[in-house]
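Engineer: Below: one structure in structure tokens.
Written out as structure tokens, the structure is:
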């Protein structure tokens, strides 16, 4: 993809990505989807909290009625 470059390590493995601002603007939705996937993957082993527990906590703290 034009506007995207990879930073390689000494063994020629991809270690980082550089995305030009113009590319970010042009492909914003695709890049947001990519970043969402990265965040989801990084959190896959975190403790799960049910929606009911979150709502109860928000109600208890007064943030939701």
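In this note's numbering, the protein residues as written are -3 to 61. C-beta: ideal position from N, C-alpha, C; glycine also.
1) Is the distance from the Cβ of residue 3 to the Cβ of residue 15 below 8 Å?
2) Taking only three categories from DSSP, how would you classify residue 1?
3) For residue 23, tell me which candidate among -2, 60, 52 and 43 has the shortest Cα-Cα distance.
4) Can you look up residue 18 in the DSSP assignment and give me helix, strand or coil?
Structural biologist: On the basis of the coordinates in this document:
1) no
2) strand
3) -2
4) helix
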